[in-house]
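In the numbering used here, the protein residues as written are 32 to 325.
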């Protein structure tokens, strides 16, 4: 009886310790994630200017959003950004992971080098790439001129500006997702590769028929995370192009920021965030269904 009581007491003590350790994290999530999210959803039904106060408007913000040409332009640009960005990030991360796994002993060195861009601040990243891709004085155009190629208007051409942001995004995040793919590759049983060696399979064949199928759930996950991140992207567009030239890089994240903090239309910006939340949630549900089906 005493042993049973002691065991129960020990379990209670262990549970209390777990709760105490997790409580600070839950409080931080509640204060900085869940509460702002809920408040933003409520605010979407108000017209709120911090200088004038709040007025309940019902679904007026959403009706205005449907008729807002700039909103549809920003959404179209965001989708275009995702179409360019996500496949390149997945491909670059997979390629880097394959290199890291194949080099063996020096993999930690390469892993650290490729991960460095992720650790840099977005402000520093924006400043450095603004200099590198400057039309007149940029290092990249200087190298192009030296080999006889013309300068590229990286940020002043509507057709090229979005591609420039994509290049910076891939450079920044490929190393982050590479770590996930490396972990996935190291978790694949060596027996598959040994059997492939016996069949005379080459490196490309092993990557195509063993590595890729085994990493399919992780590829879906990385693609989903990249899509979510692309919908939320704001910093690089603000630091490098400010939505220009014209509206060529005017994405939803930048439009929300400008609406909230330049135009001071907090309710309207909150309505945008609610719509984006629904879009991202839809992508998440679809990804889960696809993963379960596989």
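Glycine included, each C-beta is placed from N, C-alpha and C at the ideal position. Since we're looking at a predicted model, the values are computed, not measured.
Contact set for residue i: own chain, Cβ-Cβ below 8 Å, skip 5 residues either direction
i, result
"residue 258", "113, 117, 311 and 314"
"residue 201", "116, 119, 120 and 123"
Chain-order list of residues whose beta-carbon lies under 6 Å from that of residue i (same chain, five-residue window excluded)
i, result
"residue 85", "77 and 79"
"residue 142", "131"
Sub-8 Å separation of residue i and residue j beta-carbons
i, j, result
"residue 155", "residue 205", "no"
"residue 171", "residue 268", "no"
"residue 19", "residue 279", "Since the first residue of the chain shown is 32 and the last is 325, residue 19 is not available in this structure."
"residue 127", "residue 209", "yes"
"residue 271", "residue 157", "yes"
"residue 305", "residue 72", "yes"
"residue 308", "residue 284", "no"
"residue 132", "residue 217", "yes"
"residue 164", "residue 186", "yes"
Residue i versus residue j: straight-line alpha-carbon distance, rounded
i, j, result
"residue 215", "residue 145", "17 Å"
"residue 75", "residue 297", "8 Å"
"residue 81", "residue 295", "7 Å"
"residue 198", "residue 108", "16 Å"
"residue 32", "residue 46", "Here residue 32 scores only 48 on pLDDT, less than 50, and its place in the model should not be relied on; the value that follows carries that caveat. If I take the Cα positions, the gap works out to 21 Å."
"residue 276", "residue 92", "28 Å"
"residue 324", "residue 226", "27 Å"
"residue 162", "residue 184", "13 Å"
"residue 94", "residue 303", "11 Å"
Where the alpha helix (DSSP H) through residue i begins and ends
i, result
"residue 21", "Not covered by the structure: residue 21. The range shown for the chain is 32 to 325."
"residue 247", "247-263"
"residue 225", "221-229"
"residue 308", "297-324"
"residue 107", "100-134"
"residue 285", "283-288"
"residue 160", "153-163"
Residue i: first and last residue of the uninterrupted beta strand (DSSP E) it sits in
i, result
"residue 237", "Counting along the chain, residue 237 falls outside any beta strand (DSSP E), though it belongs to the alpha helix (DSSP H) covering 234-237."
"residue 179", "Here residue 179 belongs to no beta strand (DSSP E), and DSSP marks it neither H nor E."
"residue 84", "84-87"
"residue 77", "77-80"
Contact belief for residue i with residue j at Cβ below 8 Å, rounded distance in angstroms
i, j, result
"residue 212", "residue 249", "7 Å"
Nonlocal neighbours in the same chain, by C-beta distance under 7 Å from residue i, ignoring five residues either side
i, result
"residue 263", "284"
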